[in-house]
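Remarks on the structure that follows.
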Amino acid sequence: MLKKNKYEIDMCNGSIMDKLISFSLPLMLSSILQLMFNAVDIIVVGRFTGSQALAAVGSTTALISIFTNLFIGVSLGANVLAAGYYASGKDREMSEAVHTAITLALISGILMAFVGLGMSRPALELMGTPGDVIDQSVVYMRIYFLGMPFFMLYNYGAAILRAVGDTKRPLVFLCIAGLANVVLDLLLVIVIPLGVAGVAIGTVASQMISCILVLRCLYLTEGSYQLRFSKLSVKKVYLKRIFQVGIPAGIQSTVINFSNALLQSSVNSFGSTAMAGYTAANNILGFLYAAINAVTQACMSFTSQNYSVGKQKRMDRVLLDCMILSVCAAGIIGVGAYVFGSQILRIYTSEEEVIQCGLEILSITTVPYFLCGIMDLIPGALRGMGHSAVPMILSIIGTVGTRILWIYVFFPHHRSLYFLFISYPGSWIITIVMQAVCFYFVRRICIRQIRARTIIS
């Protein structure tokens with residue numbers, strides 16, 4: 009019997025939609041809380057330090073994503089592997105996969121800390137970060153990267169909990185860490201005026217808290233995913249399977265964020281006011297992405313478990329229900345962000361020029377954001393079935409290729425923030441078409457594999 013405690017969800021039996029909502033909603037709120045770490049940084053420095061500090065924090069967003077998303081993407085491989093073992097009742101394999109994943113998280117976190125310390129200034133200079141903000145950007149980025157071990161361990165630990173359907177406890181952990189982040193940011197910027205260094209320290213401390221809580225949760229569980237630090241090791245067979253799904257997902261996310269960094273460079277050419285507007289608008293778009301990504305994560309976990317036990321029709325229903333959820337969530341939040349964009353942007357800054365720049369970006373990206381949700385769902389379902397490489401290639405071609413073409417061919421002749429960000433919905437539509445064709449053929453292969461397993465068993 010799959011369900012062993014009140015936090016776990018039986019993804020392979022019973023109704024689907026209510027379980028998808030039960031899984032997705034806490035994950036959505038968790039993702040939003042993670043974004044709040046950065047949002048609180050942005051709001052505090054924007055309100056109490058000024059637009060230059062706001063631009064300094066914002067200019068690091070795309071770079072941080074590039075550096076971290078490869079390893080965060082690999083955690084998706086750990087999620088798919090653990091979900092499959094859990095659904096199949098393979099307790100020994102589940103335990104060994106968990107300890108391999110946590111060890112990998114620790115190693116990658118330490119590696120990212122050193123990379124961030126050494127590469128922050130060269131990378132910011134390469135992006136054309138203006139001289140009036142680059143020193144503050146370097147300070148923020150270096151301190152932020154010191155918290156990478158905590159960040160990685162939390163994300164991998166949460167990925168394991170998601171594999172068994174537990175998205176509620178990570179939400180509680182992030183609530184605690186988020187409150188700590190707010191208090192520390194206010195203390196270290198207003199009471200102790202450390203500026204961008206203060207908000208970075210507050211973020212790192214909150215990441216440490218969430219890390220400790222999720223590791224404690226894994227340690228105290230009585231399930232097959234119980235963590236014992238004495239068992240931490242890297243076993244090649246599990247590492248290979250994690251990488252098969254995770255590395256393509258990480259590369260896809262990293263390259264897409266590279267295209268976002270190119271967009272950041274184009275925004276930088278308009279000056280620090282436009283940079284500040286982009287920082288605020290991009291943070292709002294981050295909340296939209298958190299909503300649709302929660303549904304994508306649900307699709308991947310549910311698909312992985314049902315694929316492992318050979319329930320083909322249930323897999324198809326999972327994808328359909330996830331599309332309904334994703335379109336509804338993105339539609340409601342996207343239209344809300346469009347209608348109330350001016351009021352929301354005033355939370356970040358009171359400078360009218362910055363608000364106008366932010367509105368210019370939101371006017372073309374928020375309402376069609378449901379397209380991004382559909383674009384992400386199809387690769388999510390394919391990863392759940394163990395196929396990650398082809399959707400990675402198609403996403404890179406469709407998303408990154410379109411944006412690079414737009415930035416270097418069309419944008420120089422029509423220089424405005426609105427025209428620059430038309431590349432967002434355009435790239436989503438092109439990628440959806442390619443991913444849908446890919447899904448049709450890969451699904452046929454997976455159906456044959458399920459039938460072959462059924463005959464053998």
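At the far end of the sequence shown sits residue 465, using our numbering, and the numbering has no gaps. Heads up, the beta-carbon is just placed ideally off N, CA and C, and yes, glycines get one too. Quantities reported herein were computed from a predicted structural model and do not represent experimental measurements.
message: What does the Cβ neighbour count give for residue 105, buried or exposed, with the cut at 16 atoms within 10 Å?
response: Along the sequence shown, read from residue 1 onward, the residue named residue 105 stands at position 97. Buried, because 16 or more other Cβ atoms sit within 10 Å of the Cβ of residue 105.
- request: Give every residue of the same chain whose Cβ lies closer than 6 Å to the Cβ of residue 266, excluding the five residues on either side of it in the sequence, and list them in chain order.
  value: For the purposes of this step, residue 266 is identified with residue 258 of the sequence shown, where counting begins at 1. Excluding residues within five positions, the ones whose Cβ falls inside 6 Å are 74.
message: Considering Cα atoms alone, identify which of 37, 203, 24 and 23 is closest to residue 299.
response: As a first step, residue 299 must be located in the sequence shown, where it is residue number 291. If we check each option's Cα against that of residue 299, 37 comes out closest.
field: Inter-residue Cα distance where the pair is residue 20 and residue 207
entry: Numbered from 1 along the sequence shown, position 12 holds the residue referred to as residue 20. Numbered from 1 along the sequence shown, position 199 holds the residue referred to as residue 207. So the two alpha carbons sit approximately 43 Å from each other.
- request: Counting only the same chain and skipping the five closest in sequence on each side, list residues whose C-beta sits under 7 Å from that of residue 221.
  value: Counting from 1 along the sequence shown, the entry for residue 221 is found at position 213. Once the five neighbours on either side are set aside, the close Cβ partners of residue 221 are 181 and 184.
C-alpha gap between residue 349 and residue 370, whole angstroms: The residue given as residue 349 occupies position 341 in the sequence shown. The residue given as residue 370 occupies position 362 in the sequence shown. Taking the straight line joining both Cα atoms gives about 7 Å.
- prompt: Could you give the C-beta distance for residue 428 and residue 270, rounded to a whole number, given that I count them as a contact under 8 Å?
  reply: Here the question's residue 428 lines up with position 420 in the sequence shown. Here the question's residue 270 lines up with position 262 in the sequence shown. Not quite, the Cβ-Cβ distance comes to about 10 Å (not below 8 Å), so this is no contact.
- request: Take residue 87 as the anchor and find which of 159, 139, 310 and 240 has the nearest alpha-carbon.
  value: By 1-based counting over the sequence shown, the position of residue 87 is 79. Here the closest residue by C-alpha is 310.
task: Tell me, to the nearest whole angstrom, how far the beta carbon of residue 50 is from that of residue 62; I am working on the premise that it is less than 8 Å.
output: Start at 1 with the first residue of the sequence shown, and residue 50 comes out as number 42. Start at 1 with the first residue of the sequence shown, and residue 62 comes out as number 54. With a Cβ gap of about 6 Å, residue 50 and residue 62 count as contacting.
message: I'd like the span of the alpha helix (DSSP H) that includes residue 417, first residue to last.
response: On the sequence shown, residue 417 is found 409 positions in, with the first residue counted as 1. Counting along the chain, residue 417 falls outside any alpha helix (DSSP H), and DSSP gives it neither H nor E.
- prompt: Got a sec? Which residues, its chain only, sit under 6 Å from residue 389 by beta carbon, not counting five neighbours each side?
  reply: Here residue 389 corresponds to residue number 381 of the sequence shown, with the count starting at 1. So the qualifying residues of the chain are 307, 311 and 327.
- prompt: If residue 385 sits next to residue 445, beta carbons under 8 Å apart, how far is it from one beta carbon to the other, in whole angstroms?
  reply: Here residue 385 refers to the residue found at position 377 of the sequence shown. Here residue 445 refers to the residue found at position 437 of the sequence shown. In fact, because the Cβ distance is near 15 Å, the residues do not count as touching under 8 Å.
task: Classify residue 26 as buried or exposed, calling it buried when 16 or more other Cβ atoms lie within 10 Å of its own Cβ.
output: Within the sequence shown, the letter at position 18 stands for residue 26. Classification for residue 26: exposed.
- prompt: So what's residue 319 in DSSP terms, helix, strand or just coil?
  reply: Numbered from its first residue, the sequence shown carries residue 319 at position 311. Note: residue 319 maps to coil in three-state DSSP.
message: Which complete alpha helix (DSSP H) runs does the stretch 346–401 hold, if anything under 4 residues is left out?
response: 349–356, 360–373 and 378–392
task: Pick helix, strand or coil for residue 201, following the three-state DSSP scheme.
output: The count along the sequence shown starts at 1 and reaches residue 201 at position 193. DSSP places residue 201 in coil when its eight states are reduced to three.
- prompt: Measuring CB to CB, does residue 406 end up less than 8 Å from residue 439?
  reply: Within the sequence shown, numbered from 1, the residue matching residue 406 stands at position 398. Within the sequence shown, numbered from 1, the residue matching residue 439 stands at position 431. Against a cut-off of 8 Å, the Cβ pair of residue 439 and residue 406 comes out as a contact.
query: Using DSSP with H/G/I as helix, E/B as strand and the rest coil, what is residue 20?
result: Here the question's residue 20 lines up with position 12 in the sequence shown. Residue state, collapsed to three classes: coil.
message: I'd like to know if the stretch 395–406 and the stretch 323–343 are in contact, where contact means that at least 3 CB-CB pairs between them fall below 8 Å.
response: no
- request: Kindly give me the distance between the Cβ atoms of residue 238 and residue 164, rounded to whole angstroms, as I take these residues to be in contact under 8 Å.
  value: Numbered from 1 along the sequence shown, position 230 holds the residue referred to as residue 238. Numbered from 1 along the sequence shown, position 156 holds the residue referred to as residue 164. With a Cβ gap of about 18 Å, residue 238 and residue 164 do not count as contacting.
query: Under 8 Å, do residue 167 and residue 94 count as touching if we go by C-beta distance?
result: In the sequence shown, counting from the first residue as 1, residue 167 sits at position 159. In the sequence shown, counting from the first residue as 1, residue 94 sits at position 86. Contact: no.
- request: Going by CA-CA distance only, name the one from 138, 117 and 146 that's closest to residue 155.
  value: To locate residue 155, count along the sequence shown from 1; it is residue 147. Among 138, 117 and 146, the Cα nearest to that of residue 155 is on 117.
- prompt: For the putative contact between residue 353 and residue 366, defined by C-beta atoms under 8 Å, what is the C-beta separation to the nearest angstrom?
  reply: In the sequence shown, residue 353 corresponds to position 345, counting from 1. In the sequence shown, residue 366 corresponds to position 358, counting from 1. With a Cβ gap of about 5 Å, residue 353 and residue 366 count as contacting.
query: Thinking just about the alpha-carbon of each residue, which of 297, 40, 214 and 60 is nearest to the one in residue 279?
result: Taking the first residue of the sequence shown as position 1, residue 279 is located at position 271. Nearest C-alpha to residue 279: 60.
message: Using only CA atoms, which one of 198, 240, 373 and 423 lies nearest to residue 1?
response: Not covered by the structure: residue 1. The range shown for the chain is 9 to 465.
field: DSSP three-state assignment for residue 144, whether helix, strand or coil
entry: Residue numbering aside, residue 144 sits at position 136 when the sequence shown is read from its first letter. Three-state result, residue 144: helix.
query: According to the neighbour-count rule (16 or more other Cβ atoms, all chains shown, within 10 Å of its Cβ), is residue 411 buried or exposed?
result: Taking the sequence shown and counting its residues from 1, the one referred to as residue 411 is at position 403. Flag for residue 411 reads buried.
query: Any idea what DSSP makes of residue 230, helix, strand or coil?
result: Start at 1 with the first residue of the sequence shown, and residue 230 comes out as number 222. Coil, per DSSP.
query: Do you know how far the Cα of residue 414 is from the Cα of residue 214?
result: As a working mapping, residue 214 is identified with position 206 in the sequence shown. As a working mapping, residue 414 is identified with position 406 in the sequence shown. C-alpha separation (whole angstroms): 38 Å.
message: Given this structure, state the Cα-to-Cα distance separating residue 219 from residue 347, to the nearest angstrom.
response: Indexing the sequence shown from 1 puts residue 219 at position 211. Indexing the sequence shown from 1 puts residue 347 at position 339. Each residue's Cα considered, the two are about 37 Å apart.
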